[in-house]
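Novice: Quick one: this structure, given as structure tokens, is what I'll be asking you about.
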Amino acid sequence: MTDAITLNLSHNLAQSRYEAETTTGQVALCEYTRNGEVLSFNHVFTPPVLEGMGIGTRLVLFALDDVRAQGLTIIPRCPFVLAVIRKDLAYADLVVPHMRGLVTRSR
Numbered sequence: 030m031t032d033a034i035t036l037n038l039s040h041n042l043a044q045s046r047y048e049a050e051t052t053t054g055q056v057a058l059c060e061y062t063r064n065g066e067v068l069s070f071n072h073v074f075t076p077p078v079l080e081g082m083g084i085g086t087r088l089v090l091f092a093l094d095d096v097r098a099q100g101l102t103i104i105p106r107c108p109f110v111l112a113v114i115r116k117d118l119a120y121a122d123l124v125v126p127h128m129r130g131l132v133t134r135s136r
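In the numbering used here, the protein residues as written are 30 to 136.
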């Protein structure tokens, strides 16, 4: 279903968030705070009209790939970010070491 929607994925440094903007102007957000080399992913918002289309997941994966490219680590404060990492454990190494147990812990 997301094939019909074109996304522009970007990192908005000024607003401390990753964005997925559709051609219709709808924007999904992955907000974070930064402390040194650690990003705390605090909240993911997907407009209700876009929910269930995988856009939030694509946005989080984009953000995680960017974190990896920068050599940073994360704190997954947002339950959605944690769920994405649990589904794709290849990203578990990005979680700060003292919190990696959250990734493997059952809900």
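Heads up, the beta-carbon is just placed ideally off N, CA and C, and yes, glycines get one too.
This structure is a prediction, so every number in the text was calculated from the model and none was measured.
Just to confirm before moving on: does the CB-CB distance between Ala-121 and Thr-133 stay below 9 Å?
Specialist: Contact: yes.
Novice: Please confirm if the stretch 90-106 is in contact with the stretch 53-70, defined as three or more CB-CB distances below 8 Å between the two stretches.
Specialist: Yes: at least three Cβ pairs fall under 8 Å.
Novice: Taking its Cβ as the centre, do 16 or more other Cβ atoms sit within 10 Å of Gly-100, making it buried, or is it exposed?
Specialist: Exposed, since its Cβ has fewer than 16 Cβ neighbours within 10 Å.
Novice: Would you tell me roughly how many angstroms separate the C-alpha atoms of Leu-118 and Pro-77, rounded to the nearest one?
Specialist: Roughly 27 Å between the two C-alpha positions.
Novice: Can you tell me which of the three DSSP states Pro-76 falls into?
Specialist: In this structure, Pro-76 counts as coil in the three-state DSSP scheme.
Novice: What is the DSSP secondary structure of Arg-63, counted as helix, strand or coil?
Specialist: In this structure, Arg-63 counts as strand in the three-state DSSP scheme.
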